[in-house]
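The block underneath contains the structure these notes are about, expressed in structure tokens.
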Amino acid sequence: MAQKWAVLAVLLFLPINLAEVHWVSVKAGHEAVLRCPKTSEASLTMVIWRSNSSSCYRLSYRKDTDKTDRENCSERITWKYSPASDPALRIYPVNLGDEGNYTCEIANREGNFHSFSSLTVIVPPTVTLTHDKSRVAVCQASAGKPPADIFWIPASNHSSQEEFHHPNGTVTRVSYFGWLNSSFPSVTCLVTHPAMNQTLGMDLRDPSHDFSRFLYILIGGVAAGVSAATGLILCLIFKCKTCRLCKQVCGPAEHFTTRTWTFPFSRARREPAKPLDFPERIYENYNPRTIYVCL
1 MAQKWAVLAV LLFLPINLAE VHWVSVKAGH EAVLRCPKTS EASLTMVIWR
51 SNSSSCYRLS YRKDTDKTDR ENCSERITWK YSPASDPALR IYPVNLGDEG
101 NYTCEIANRE GNFHSFSSLT VIVPPTVTLT HDKSRVAVCQ ASAGKPPADI
151 FWIPASNHSS QEEFHHPNGT VTRVSYFGWL NSSFPSVTCL VTHPAMNQTL
201 GMDLRDPSHD FSRFLYILIG GVAAGVSAAT GLILCLIFKC KTCRLCKQVC
251 GPAEHFTTRT WTFPFSRARR EPAKPLDFPE RIYENYNPRT IYVCL
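Here the sequence shown is numbered in full-length UniProt numbering, starting from 1 and rising by one per residue.
Right, here's the structure in full:
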């Protein structure tokens with residue numbers, strides 16, 4: 001805000017039609033491009049960039065000598081294009097030291113023209129979510145610029161917040177969420193910032209309860225296994241005793257001996273059987289026209 005008022009104060013002493021104002025916000029580590037007023041390239045004589053930042057004081061270019069002069073200017077700050085055609089200023093990578101007000105002055109045959117740029121560097125915070133021994137969740141957005149906003153999901157009236165300002169202009173915000181008497185199983189920390197949005201979740205269930213539940217399950221499983229093994233052993237013992245009792249009552253089993261007899265092959269010559277000799281008198285009363293049926 002102080003940078004904007006400084007730029008406006010300078011503009012009060014210049015003709016309005018000869019000045020341009022630009023507000024530029026760039027994320028740290030990225031590229032920033034600052035523009036000069038648009039004029040005729042053919043009549044360009046000289047370009048001068050001035051800044052109140054710690055990275056560069058003065059950067060100038062003369063067309064007649066085609067030479068660039070630097071005065072306390074970092075190598076990260078240079079021309080985006082050729083200064084004779086487009087004297088835009090390029091800053092890469094941007095850091096917090098580059099933040100400030102920049103003035104571009106162009107001289108040509110038509111007169112002097114000015115443009116003012118206010119560069120703001122945005123720094124994304126580092127977000128963490130932890131808890132302490134008193135059952136309080138701590139969501140912290142460290143070293144952000146501007147300060148980050150922290151919200152809890154679900155919302156709670158038992159949350160509080162504080163912030164810490166650092167010499168380089170960044171701010172750390174810390175939000176606390178107490179869940180001692182809360183029935184929520186989990187909580188989410190939502191951090192919003194112009195450079196990023198991030199959410200982190202945490203389980204609010206007591207780890208000791210989970211450990212006790214695990215012990216109960218483990219002990220129950222071991223007990224069930226021991227019971228099953230004991231039952232199996234008892235069944236085997238009972239079966240063995242039953243078999244022994246049966247052997248004692250029935251006595252030893254009788255043994256039978258089987259012998260195999262081998263008969264030698266008979267070499268005696270067998271004569272073929274003769275057909276039965278029926279007397280021919282059975283045909284004495286044969287009459288072909290008579291058929292007898294025996295019942």
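From the three backbone atoms N, C-alpha and C, an ideal C-beta is built for every residue, glycine too.
These numbers come from a predicted model, not from an experiment.
Host beta strand (DSSP E) of residue i (start-end)
i, result
"C139", "136-144"
"T188", "186-193"
"H165", "159-165"
Residue i in three-state terms, based on DSSP
i, result
"T242", "helix"
"G201", "strand"
"residue 335", "The chain is shown from 1 up to 295; residue 335 falls before or after that span and cannot be answered."
"G178", "strand"
"T227", "Going by the sequence as given, residue 227 is Ser instead of Thr. Residue state, collapsed to three classes: helix."
"R267", "Note that R267 scores 49 on pLDDT, short of 50, meaning its location in the model is unreliable and no value can be drawn from it."
Residue from the options whose Cα sits closest to the Cα of residue i
i, options, result
"T68", "S54, Y57, P83", "P83"
"P146", "V171, Q198, H158", "V171"
"A28", "I217, D98, Y57, N52", "D98"
"D149", "H114, N157, A195", "A195"
"D132", "G144, S175, C36", "S175"
"L34", "N72, C73, D86", "D86"
"T39", "C104, S54, L96", "C104"
- Quick one: any contact between the stretch 76-96 and the stretch 125-139, if contact means 3 or more CB pairs under 8 Å? Judged by Cβ distances under 8 Å, the stretch 76-96 makes no contact with the stretch 125-139, as fewer than three pairs qualify.
- Query: Can we say the stretch 43-61 touches the stretch 102-109, given the rule of at least three CB pairs closer than 8 Å?
  - Reply: When C-beta atoms of the stretch 43-61 are compared with those of the stretch 102-109, three or more pairs fall below 8 Å, so the two segments count as touching.
- Task: Please go through the UniProt domain "Ig-like" (15-120) and give each complete beta strand (DSSP E) segment of 3 or more residues, from N-terminal end onward.
- Result: Runs of beta strand (DSSP E) with 3 or more residues, each lying fully within the UniProt domain "Ig-like" (15-120), are found at 19-27, 32-34, 44-51, 58-62, 67-71, 77-79, 89-91, 100-108, listed in chain order.
- Query: Within the chosen definition, does the stretch 187-207 reach the stretch 148-167 through at least 3 CB pairs nearer than 8 Å?
  - Reply: Yes: the two stretches touch, three or more of their Cβ pairs being nearer than 8 Å.
- Message: Taking contact to mean 3 or more Cβ pairs, one atom from each stretch, closer than 8 Å, check whether the stretch 117-132 and the stretch 54-62 are in contact.
- Response: Taking a cut-off of 8 Å for Cβ pairs, the stretch 117-132 and the stretch 54-62 do not touch, as fewer than three such pairs fall below it.
- Item | the stretch 20-38 in contact with the stretch 111-119 per 3-pair CB rule at 8 Å | In this structure the stretch 20-38 lies against the stretch 111-119, because at least three pairs of beta carbons, one per stretch, are closer than 8 Å.
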